[in-house]
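Report on one structure; see the data block that follows.
In my numbering, the protein residues as written are 39 to 126.
Here it is as structure tokens:
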């Protein structure tokens, strides 16, 4: 898209399928075949990156977007596919 016409001044929301950290933990546990514990923590425990987690908790990134799929020309990698590849 950086080299193609028609993107100047455009804003693209590059999000794939939406998932939660709890869903990530469950998917890792299922794919790995081992239990994975998920524990929510207080923002104060997260350090300097806490503001990003606050945005996530407030739903700032919750709106779905098909921009990534359009730019890729295919559906983005699913959570299961990404976890399976990462654990391979």
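Beta carbons are placed, not taken as given, at the ideal position from N, Cα and C, and that holds for glycine.
Simplified DSSP assignment, three categories, for residue i
i           : result
residue 109 : helix
residue 66  : helix
residue 102 : coil
residue 42  : coil
Same chain only: Cβ atoms within 8 angstroms of residue i, ignoring 5 sequence neighbours per side
i           : result
residue 125 : 66, 69, 70
residue 122 : 69
Residue i burial status per 10 Å Cβ neighbour count (16 or more: buried)
i           : result
residue 117 : buried
Heavy atom of the ligand ADP within 6 angstroms of residue i beta-carbon
i          : result
residue 91 : With respect to the ligand ADP, the structure offers nothing, as it holds no ligand at all.
Cut-off 6 angstroms between Cβ atoms - residues of its own chain near residue i, not counting five sequence neighbours on either side
i          : result
residue 74 : 63, 66, 67
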